[in-house]
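Residue numbers (the numbering used here): 11 to 136.
Quick reminder that beta carbons are idealized off the backbone N, C-alpha and C, glycines included.
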């Protein structure tokens, strides 16, 4: 069973958001486990304007290619180059070193609490 980290908020499409200025975005352990071994990530460019709910990149695994959705609207201010170089960080540390990008938020999309997300995805809150 996958873990959901307390203190984060989650989109229905499995992205997580860590509060801050800017916010940090990644994919949940639920998504990482479902994807299998992540071998490539295509992230938005620094300076790109994202719209919550819209596709902003993709994650490729040995099983499939999945779209990455923006959980918030705003400008991308940083991309995790370590994940671009070593995509397996998404599997190894989805809530730490495997973060994807940071956004200066102009508007939030619909986000779930850790408990709501865990319940919807048969996961455990850690």
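Look at the Cβ atom of residue 131, then the Cβ atom of residue 110, and state whether they are nearer than 7 Å. Remark: C-beta atoms of residue 131 and residue 110 do not approach each other more closely than 7 Å.
Close Cβ partners of residue 26 (< 6 Å) along its chain, the five nearest in sequence each way excluded:
Counting only Cβ-Cβ distances below 6 Å, and skipping sequence neighbours, we find 18, 20, 36 and 38.
Give every residue of the same chain whose Cβ lies closer than 7 Å to the Cβ of residue 24, excluding the five residues on either side of it in the sequence, and list them in chain order. Cβ neighbours of residue 24 beyond the five flanking positions: 37, 38, 40 and 41.
message: Going by C-alpha to C-alpha distance, which of 15, 50, 43 and 22 sits closest to residue 94?
response: A check of alpha carbon separations from residue 94 across 15, 50, 43 and 22 identifies 50 as the nearest.
Can you tell me where the beta strand (DSSP E) with residue 18 in it begins and where it stops? Neither: residue 18 is in no beta strand (DSSP E) and is coded neither H nor E.
Checklist line | Of the listed residues 92, 108, 122 and 82, nearest to residue 6 (C-alpha basis) | finding: In the structure as shown, the chain starts at 11 and stops at 136, and residue 6 therefore has no counterpart that could be examined.
Worksheet item: Does the Cβ-Cβ distance between residue 103 and residue 72 come in under 7 Å?
Response: No, Cβ-Cβ distance for residue 103 and residue 72 is not below 7 Å.
Please list, in chain order, all residues of the same chain as residue 13 whose beta carbon is under 6 Å from its beta carbon, the five residues on each side excluded.
By the criterion of a C-beta distance shorter than 6 Å, residue 13 is surrounded in its chain by 39, 134 and 136, once the five residues flanking it on both sides are discounted.
> Quick one: what's residue 84 bridged to in DSSP?
Replying inline: In the DSSP output, where bridge partners are listed per residue, residue 84 has 60 and 115.
*Using 10 angstroms around the beta-carbon of residue 65, count the other beta-carbons present and answer buried if the total reaches 16, otherwise exposed.*
Per the 10 Å Cβ criterion, exposed.
Practice item. Just confirm the distance between the C-beta atoms of residue 118 and residue 80, as a whole number of angstroms; I'd bet it's less than 8 Å. Key: With a Cβ gap of about 11 Å, residue 118 and residue 80 do not count as contacting.
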